[in-house]
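Position in the sequence shown (first residue = 1) + 8 = this note's numbering. Cβ atoms here follow ideal geometry from the backbone N, Cα and C, with glycine treated the same way. Note sheet for the following structure.
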Amino acid sequence: MSKALTATATASSRQRFFDFLYKWGMLLTVVLLIAVFGLASDNFLDPFNIINILRSIAIVTVIAIGVSISLTIGGFDLSVGSTASLANALVISLFVWHGFSTTEAILVTLALCTLVGLFNAFLIVVLRIPDMLATLASLFVIQGVAMTYSYGGSITENMVLPSGEMAEGTIPAAFGLLGQVPTIVIIMLAVTVVAQLALSFTTHGRRMYAIGGNPEAARLSGLRITRYKVAAYVIASLLAGLGGILLASRIGSSQVNAGGGYLMDAVAAAWIGLLAGGLGQTERAGHAGGGGDPRGAL
9 MSKALTATAT
19 ASSRQRFFDF
29 LYKWGMLLTV
39 VLLIAVFGLA
49 SDNFLDPFNI
59 INILRSIAIV
69 TVIAIGVSIS
79 LTIGGFDLSV
89 GSTASLANAL
99 VISLFVWHGF
109 STTEAILVTL
119 ALCTLVGLFN
129 AFLIVVLRIP
139 DMLATLASLF
149 VIQGVAMTYS
159 YGGSITENMV
169 LPSGEMAEGT
179 IPAAFGLLGQ
189 VPTIVIIMLA
199 VTVVAQLALS
209 FTTHGRRMYA
219 IGGNPEAARL
229 SGLRITRYKV
239 AAYVIASLLA
249 GLGGILLASR
259 IGSSQVNAGG
269 GYLMDAVAAA
279 WIGLLAGGLG
289 QTERAGHAGG
299 GGDPRGAL
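Given below as structure tokens:
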């Protein structure tokens, strides 16, 4: 009898240990890596180096959280890089070509990025095209739109327009602050915290996990899967657009396919979040597909 109780207690302790690793393993790994690099290099923990690291990961983190949200409902958005490029071109052009204010340019850009998310949702939900194929097609379509809109070149202050005239608009100084420390780091942390809290502690977030874990069971339980899928792709496009805006603020111009280089990094970060964080939740739910984790992306 005592042996059975001991075995049960051991199994329970082992389960708690693995649950702890599922929940906090990512954070512990990051802390361990920081400690190792800090001991290996005297300059690693220098405040300027930390600032540079945080600034370098801010944009890709924001975009990766959007991918994570699409993974949460069992989908996958490959168009985020092109959406970021489009947002980069849009926001700078609204300043340089049309003289918009900072608030106006950002709101218009995010509104147009919302249309990208709705387009993706239409392909996936209404036309029932597999999400990877649909968003891969969107990637090329949006990339083409961005290149056509920007005339295949950079958009900068004092540029010569195709008509031969000189662009008179300027990029506001307030907009330039968005891409600088500490603002860009605060935005990254705020997006991460809000996304994590929304997914983990709200009814809608838990429903999104349920849809990603087992869509059929979620449908039979009365969840409106279509609405959550549309919301997930719209949010993914909005965050990709925000990433493009931060990129525009950081470099002060629009470059051809500027956001394309962030796609693979964002996808990799989102999948790490899925495997290291979300996978533990979905496995315990009996299904190993779906459940992105913004903490893992960060």
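Rounded straight-line distance, which links the Cα of residue j to that of residue i
i	j	result
T178	G160	21 Å
G187	L102	17 Å
N128	L47	46 Å
T91	S78	15 Å
I73	D273	11 Å
G269	I100	19 Å
A145	I219	24 Å
I259	L135	38 Å
M196	G172	39 Å
L86	Q23	36 Å
L250	V238	18 Å
P190	A66	11 Å
R63	A43	20 Å
R232	L131	18 Å
A95	L41	34 Å
I71	S245	9 Å
W279	S76	8 Å
M155	G125	19 Å
I137	G83	11 Å
N265	D54	33 Å
With 16 other Cβ atoms within 10 Å as the buried cut-off, status of residue i
i	result
I253	buried
D139	buried
T234	exposed
F209	exposed
M167	buried
V88	buried
A240	buried
T200	buried
A181	exposed
M216	buried
N51	exposed
T211	exposed
L39	Residue identity check: residue 39 is Val in the sequence provided, not Leu. With fewer than 16 Cβ atoms within 10 Å of its Cβ, V39 is classed as exposed.
L247	buried
T37	exposed
M34	buried
Integer-rounded CB distance, given that residue j should sit under 8 Å from residue i
i	j	result
T122	V242	6 Å
F183	T110	5 Å
S158	A119	Not really, about 19 Å apart at Cβ, beyond 8 Å.
A277	T69	7 Å
S229	S162	Actually they are not in contact, since the Cβ atoms of S229 and S162 sit about 51 Å apart, beyond 8 Å.
V93	G267	Note on residue identity: the sequence assigns Ser, not Val, to residue 93. At roughly 4 Å, the Cβ-Cβ gap stays under 8 Å, so S93 and G267 are in contact.
Helix, strand or coil at residue i according to DSSP, with G and I counted as helix
i	result
I58	helix
M174	strand
I163	strand
G168	Strictly speaking, residue 168 in this sequence is Val, with Gly absent from that position. Residue state, collapsed to three classes: strand.
S87	coil
S49	coil
S324	Residue 324 lies beyond the stretch modelled for the chain, which goes from 9 to 306, so this question has no answer here.
S262	strand
G213	helix
G187	coil
S78	helix
S158	coil
G267	coil
I194	helix
I179	coil
I253	helix
As an exercise, report each continuous beta strand (DSSP E) stretch of at least 3 residues that is fully enclosed by the stretch 217-246, in chain order. Whole beta strand (DSSP E) segments, 3+ residues: zero.
Quiz item: Quick one: complete alpha helix (DSSP H) runs, 4+ long, within the stretch 93-144?
Solution: Whole alpha helix (DSSP H) segments, 4+ residues: 110-129.
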